[in-house]
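Q: Numbering (our numbering), first residue to last: 6 to 272.
Glycine included, each C-beta is placed from N, C-alpha and C at the ideal position.
Listed below in structure tokens is the structure:
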């Protein structure tokens, strides 16, 4: 039977991030992707022009429909725009005992806000404790902690351990917003550094959906039974390949998407 992963996130009409990116990444990694849409965004590579939250009863109904029928091996959670949506999702997955990857989506690549200010604490208090892997970039980690962005790998580890203090099993501190020629992603537990993943920092504007792609790729690995470090390693390698081929796609006029199917149909 095929491994199954569920993504709970927002829809990106431009196809580069959100539910669309999640399902592409899961498919590329050989995992069947199911989806629960929490919000519909009017979005392209340049801007988010509208956001419409899905009614709470419809969100919970989607989750129930999937979990009562499909043998879901892992869940990825992305955009949850409001405290009410966060509580709804948390309640609806309360009985799920598999791994959960939580991507604390706050800002789109265009700079538009995707998480209400009053929802940050709710996300931290309600869903971070459910996370097998929390995947913040540096600004997101700082926002969850009420601190400034980490400036060094040492500070990244410290912030990762602090986030584990809120209940996350592990935290993948993503270094894409950092400085230097090498990008460092650090997998951290409450006791310290588990693994480090590095890659050359590529000069490209086509990085729309990288966070969604990475977190859903980790969920795909976990759904296939990989350990957390192995799932993160597989996802990191896959994303780097998708970024390396992103410019060849030439999609949109702003921050274009990565090439999710770079191993299937090279651009």
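Where do the ends of the alpha helix (DSSP H) carrying residue 216 lie?
A: Its alpha helix (DSSP H) spans residues 215-228.
Q: Using the rule of at least 16 other Cβ atoms within 10 Å of the residue's Cβ for burial, across every protein chain shown, is residue 40 buried or exposed?
A: Buried is the call here.
Q: Could you name the residues of the same chain whose beta carbon sits closer than 8 Å to that of residue 91, not counting the 5 residues immediately before and after it, in chain order?
A: Correct list, in chain order: 85, 124, 127, 128, 131 and 132.
Q: DSSP three-state label for residue 59, please.
A: Residue 59 falls in the coil class under three-state DSSP.
Q: How many Å lie between residue 51 and residue 259 at the Cα?
A: Roughly 5 Å separates the two Cα atoms.
Q: Pairs of beta-carbons, one from the stretch 91-109 and one from the stretch 28-40, closer than 8 Å: are there three or more?
A: Cβ pair count under 8 Å is below three, so no.
Q: Am I right that residue 233 and residue 138 are in contact with their C-beta atoms under 8 Å? What's the rounded C-beta distance?
A: With a Cβ gap of about 6 Å, residue 233 and residue 138 count as contacting.
Q: Which of the three DSSP states, helix, strand or coil, is assigned to residue 189?
A: Correct three-state label for residue 189: strand.
Q: From which residue to which residue does the beta strand (DSSP E) around residue 198 run?
A: Its beta strand (DSSP E) spans residues 197-205.
Q: Specify, as a first and last residue, the run of the beta strand (DSSP E) that residue 17 falls within.
A: Its beta strand (DSSP E) spans residues 9-17.
Q: Indicate the three-state DSSP secondary structure (helix, strand or coil) for residue 105 in the structure shown.
A: Three-state result, residue 105: strand.
Q: Apart from the five residues on each side of it in sequence, which residues of its chain come closer than 6 Å, Cβ to Cβ, to residue 220?
A: Hits under 6 Å: 81, 106, 108 and 140.
Q: Compute the beta-carbon to beta-carbon distance between residue 83 and residue 180, rounded to the nearest angstrom, for a pair I have assumed lies under 8 Å.
A: Contact doesn't hold; Cβ gap of about 20 Å is too wide.
Q: Looking only at its chain, what residues have a beta carbon closer than 8 Å to the beta carbon of residue 150, apart from the 5 residues adjacent to it on each side?
A: These residues qualify, in order along the chain: 164, 167 and 168.
Q: Fully enclosed by the stretch 118-188, which alpha helix (DSSP H) runs are 4 residues long or longer?
A: DSSP runs (the alpha helix (DSSP H)) wholly in the stretch 118-188: 143-150 and 158-169.
Q: What did DSSP end up calling residue 237 once you bin it into helix, strand or coil?
A: Helix at residue 237.
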